[in-house]
Ligand code: THG
């Protein structure tokens with residue numbers, strides 16, 4: 001099948017880096033927050049091995065920033081999330097579920113405290129700009145809400161720190177996980193955070209000057225040549241091995257954070273003024289009907305959208321994401337299972353199998369993140 005082409009327009013935004021990633025070999029795009037996001041360069045597996053061994057520069061401009069500014073900005077962010085932000089410092093980032101009054105997830109951005117009266121929500125794929133404006137108007141809050149022209153780029157991989165220090169100096173080494181510093185590049189201070197959508201370590205640079213951002217992008221490739229710096233993008237294999245969830249795929253408006261393992265970002269036993277806390281407390285008391293778990297099936301040669309999980313021979317589960325592990329000879333997936341089935345899997349009173357490409361394979365249940373290294377799986381090696 002020949003893929004239909006996507007037409008770029010002002011509705012489907014290019015980014016300051018689109019020309020560069022096209023020249024760099026982007027093979028396919030997806031659309032995220034109405035913005036282009038590349039999905040692979042070499043191949044999914046080739047990108048995976050390059051990412052886990054070297055360093056990549058990603059155009060994640062699609063993680064659009066909604067800026068909340070004003071005396072009530074922090075109150076509004078806290079209203080939207082059940083995560084406790086009361087001790088937030090103006091050098092911190094927080095992974096926050098945004099939940100409605102029923103506790104359902106509307107987005108899972110990184111919230112950045114830019115200064116005492118300014119927050120950025122670095123969004124996953126949904127229109128939180130509208131939700132935030134609606135809440136602020138309805139509640140009469142003193143806050144200005146805009147879609148800021150800020151385009152994050154991510155530098156990810158084991159050599160990310162070395163590469164970043166060559167551009168920004170050794171100060172990058174002292175940035176702690178989910179903290180940021182303002183670091184100068186050619187006289188302009190960019191917010192540089194230790195964060196990013198991979199488990200390989202790295203940084204995100206919030207580009208608020210497109211032209212200078214392009215110069216910075218080019219310089220990363222020049223000074224990182226001997227580090228084998230390359231293009232890349234969020235990699236489905238790596239993020240699944242690491243246990244990072246993708247809003248819209250692994251959870252959506254129908255799920256609560258208690259169902260998808262985001263409990264640790266919900267401080268329910270507090271008196272936070274957050275609109276979802278009462279509903280989440282109630283769900284905690286009653287128990288969740290279904291929960292997102294990890295599934296591992298060794299020795300499966302290919303993933304396919306027709307793969308079906310079976311418990312004692314009967315179809316079960318709702319698979320949200322799947323791939324073949326990069327490092328291990330196994331198929332991995334995230335899937336919603338009924339809580340009662342998870343209990344039976346825990347006490348091993350039920351047999352789990354995967355029907356994939358007309359073959360039956362034994363499958364194992366795991367919590368997310370997987371601990372693949374501890375499962376006795378056969379290792380794979382890069383195809384050099
Ligand atoms: N960076 C920025 N914005 C983003 C993303 C990003 N917006 C959309 C999307 N990604 C948001 N989703 C996530 C999901 C997980 C993490 C970050 C963003 C993440 N989680 C860590 C973990 O699960 O181990 C730790 C989170 C924590 O301790 O607070 O990194 O990637 N700018």
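Residue numbers (full-length UniProt numbering): 1 to 384. We put the CB at the ideal spot given by N, CA and C, even for glycine.
Nearest candidate by alpha-carbon position, reference residue 33, set 65, 342, 369 | 65
Between which two residues does the alpha helix (DSSP H) containing residue 279 stretch?
-> 277-286
Does any residue of chain B bring its CB to less than 9 Å from the CB of residue 15?
-> Of the protein chains in the structure, only one exists, and it is not chain B.
Is the beta carbon of residue 154 within less than 8 Å of some heavy atom of the ligand THG?
-> yes
With DSSP as the reference, label residue 303 as helix, strand or coil.
-> coil
Complete beta strand (DSSP E) runs within the segment 66-103 (minimum length 3 residues, chain order) | 93-95
Pick helix, strand or coil for residue 111, following the three-state DSSP scheme.
-> strand
Report the residue from 238, 188, 167 whose alpha carbon sits nearest the alpha carbon of residue 210.
-> 188
Outcome for residue 202 when other beta-carbon atoms lying within 10 angstroms are tallied against a minimum of 16 | buried
Measuring CA to CA, which of 353, 20, 90 is closest to residue 116?
-> 90
Quick one: is residue 138 buried, meaning 16 or more other Cβ sit within 10 Å of its Cβ, or exposed?
-> exposed
With a cut-off of 8 Å on the beta carbons, I'd call residue 78 and residue 274 a contact; round off their distance for me.
-> 6 Å
Indicate whether residue 349 and residue 295 have their beta-carbon atoms separated by less than 9 Å.
-> no
By Cβ distance, which residues of its chain are closer than 8 Å to residue 141, with the 5 residues on each side in sequence left out?
-> 70, 72, 75, 76, 135
Would you mind listing the alpha helix (DSSP H) stretches within the segment 118-146 that are 4+ residues and don't spill past its ends, in chain order?
-> 128-139
Just to confirm, are residue 263 and residue 257 a CB contact at a threshold of 9 Å?
-> yes
Quick one: does the C-beta of residue 53 sit closer than 8 Å to a heavy atom of the ligand THG?
-> no
At what residue ranges does the segment 209-246 contain a whole run of the alpha helix (DSSP H), taking only runs of 4 or more?
-> 210-223, 236-242
When we look at the beta-carbon of residue 83 and count the other beta-carbons within 10 Å, is it buried (16 or more) or exposed?
-> buried
By how many angstroms is the C-alpha of residue 157 removed from the C-alpha of residue 353?
-> 34 Å
In terms of DSSP beta bridges, what is residue 41 paired with?
-> Answer by DSSP bridge pairing: none, since residue 41 is not bridged.
Would you mind working out which of 334, 287, 191 sits nearest residue 242, comparing C-alpha positions?
-> 334
Cβ separation of residue 345 and residue 310, assumed to be a contact under 8 Å, to the nearest whole Å = Going by Cβ atoms, the distance from residue 345 to residue 310 rounds to 12 Å, so no, they are not a contact pair.
Straight-line Cα distance separating residue 336 from residue 318 | 5 Å
Beta strand (DSSP E) runs contained entirely in the segment 7-34, provided each spans 3 or more residues | 28-32
Would the segment 149-156 and the segment 50-63 be scored as touching if the rule is three or more Cβ pairs under 8 Å?
-> yes
Output yes or no for whether 9 Å exceeds the beta carbon distance between residue 233 and residue 17.
-> no
From what residue to what residue does the beta strand (DSSP E) around residue 320 run?
-> 318-324
According to DSSP, is residue 106 helix, strand or coil?
-> strand
Any idea if residue 339 is buried or exposed, counting beta-carbon neighbours within 10 angstroms, 16 or more meaning buried?
-> exposed
Residue 325: buried (16+ other C-beta within 10 angstroms of its C-beta) or exposed?
-> buried
Can you name the start and end residues of the beta strand (DSSP E) that residue 362 belongs to?
-> 359-362
Alpha-carbon to alpha-carbon, residue 259 and residue 164 = 37 Å
Does the Cβ of residue 67 have 16 or more other Cβ atoms within 10 Å, making it buried, or fewer, making it exposed?
-> buried
Residue 124 CB to nearest heavy atom of the ligand THG below 8 Å | yes
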